[in-house]
Each structure stands twice: as structure tokens, then as C-alpha cells.
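Have a look at the structure below, then the notes.
Residue numbers (the numbering used here): 29 to 381.
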């Protein structure tokens, strides 16, 4: 909630009412369900969305991370006021909640208001920290998935594998490796595919960090007729990242990118609160952001190479292309076990968490 400081007490009372006693009005549930179902239908027409859905399933299988966050048409259709209220009661409880306040608010007055509106909130003592992170695992590694969309002018390309959890011991070396490979505009893959070859408007790589290991993903879109050549260049860049040491210039550039922009993430009260929420959610040390720059500067070229070898191993990566498969299927056959699948998204059962 974002509010004026002089409205803090009234705003907190409203926040407490919403958190403790949401009513999930049937008419509102029906309205939101209609919007969500429309969004799910529209995703079937977007190549980038189709790629995301199939890629998640390929990497995580039936694990919750393999199911679209928006749900499926079947799962969303089953959700009503009762189901939402039951879920809220089961998962939103004081022992698992953290209240973060950032702004021009008197601490003593804030404590009084918190006691007034949340002091008698009761519930089970189980906290989110008592639930172990879910161990995700790849289920179709070393696979080339081709999603057929006849007459597509472009191909959405993805390469993905198991990444790392937020706060993992090798998180910062992995972020440095990613910045050099594809996390920045001047990264190797973007300079190759966009600036040198002119095949794409942009290519990037990212670690999606969660409580359990999220995916590592390369994302780009290229003209159909260069699909196979683009994949060859991507695989070559991955191999180079694994087998050769980054230059001192690359290491310095990546470190500067990760650290010099850090103050921009703490400019507003919303950003400051967000960083604290991030720390609570992922169990980060209280001094995580204070020590982050020094930790980044301490990363060596050997650390970066080790991270590349860990996360870019070809046998652990799934290749996916969404486009006119007939134009490039034969050329991609040498990259792995090819599987052609329809463009319609999988209708998997959602996990309750």
C-alpha cells in the first residue's frame, strides 16, 4: 500500500481489514476470472508467450514452476469465492507475515497503530520458513523442442536450464557470468546477434531467482531463415563462456554494471520497502545490500568460469524454437533430440502453492 504519511493510521486500518478479513465478493471474482481467462486465450496468439509456457514445462515438468503463473483455462474456471477464501485462510497468517513500513512515520505512533489493528490477529504458528524450498529438477534436458506456427515471419528462440535460488552461495559469480554473457546490452550474445549479425533487435540471458532454483534462460527472436545459424552462434557463445576466461575489461564492466546502478534502486520509499521485502522473502542477510558491492568486486575470472561450466553445460539445456518449423527443423536435427509439438499451451494442473 502506498499512502500519504499523514493518512498512515487510516491506511493501516484499511490494510488490516483487507489482510485479515477479505470477502472475495462473487461478482468481483467473476469479473477477474473473466479477465484472466481472456488473458490465457490471448497468450495462445503470442509466440513469446507460447515459448515461455512450453519452456517452463520442459525445464520443470509437473513441478509448480512448470505451470503458468496465470493458471490454465481449466484451473481458473474452477476458482470461486469459496476456494479463494480457503486458500487465504490457509496461507495468510500472522506467524508467516512481515509488516514493512517505510516513510515519514513516527515509530512510536506506528507501533501503537500496529498493536491496535493487528495486535489480536491470531492463527496457526507455522511460518513460511518452516516449509523447505522445493527442489526443482530438469525433466527434458538435451532436448530441442520445436513449436510449429506456420507462416510465422520470425522465430522465438529460447535456451534454458536449471538456474539457482535467490541467495545461493554462488549467486554473485553467476550474476557476473550472466552480465558478461547476455545480461547487458554490451554483453557477448547481444553484440554478436544484434550488432554484428543484425539478426535480432535484442538477445539477452537471465537467471530467474526464486526460493527454489529458478530457470536460466536465453531469449531472442530472429528471422525465420537464420534460425539454425542463430542457434549455432548461441551455442558457440555458451561454449566460449565455459572454456575461456573472461577478460579483465569484461570483468570490470560487469562489476560496474551490477554496482554503480545500485543507488538507483533505493531512491524512493517504495523501492526501499521493496528491497526489505525481498530480503524477508528470500531470507537474505540484513547487510546483503551493504556488502553486495564488495562481494561483486571480489569475484575472480575463475569464479566466472566455474559458474559458466555449472550452468551452461549443454547436456542440461533445453533448446526451444517457436515458428514455421518446416523452414528449420532439418537444420536443427544435429543439435539434439528434436521433438515437434503443437502451438497450443499445455493444460497442466496447478499446484496449490
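We treat Cβ as the ideally placed atom computed from N, Cα and C, and that holds for glycine.
- Judged by DSSP in its simplified three-state form, residue 248 adopts strand.
- In the displayed model, residue 319 falls within a helix according to three-state DSSP.
- In the structure shown, residue 311 adopts coil according to DSSP, grouped into three states.
- Between the C-alpha atoms of residue 269 and residue 333 there is a straight-line separation of about 7 Å.
- Looking at the DSSP output, residue 176 sits in a beta bridge with 351.
- In this structure the stretch 296-304 does not touch the stretch 337-348; the number of beta carbon pairs closer than 8 Å is below three.
- Bridge pairing for residue 184: 249, 350 [DSSP].
- In the pairwise beta carbon analysis, the stretch 145-154 is classified as touching the stretch 41-48: at least three pairs are separated by under 8 Å.
- Residue 189 places its beta carbon 9 Å or farther from that of residue 95.
- Counting C-beta atoms within 10 angstroms of its own C-beta, residue 247 has 16 or more neighbours from the protein chains shown and is therefore classed as buried.
- Between residue 122 and residue 151, the CB-CB gap stays under 9 Å.
- For residue 281, no beta strand (DSSP E) segment is defined; the enclosing uninterrupted segment is the alpha helix (DSSP H) at 276-287.
- In the structure shown, residue 235 adopts extended strand secondary structure according to DSSP, grouped into three states.
- The Cβ atoms of residue 209 and residue 217 sit closer than 9 Å to each other.
- Looking at the DSSP output, residue 366 shares a beta bridge with 172.
- Look at residue 131 here: in three-state DSSP terms it is coil, with no helix or strand label.
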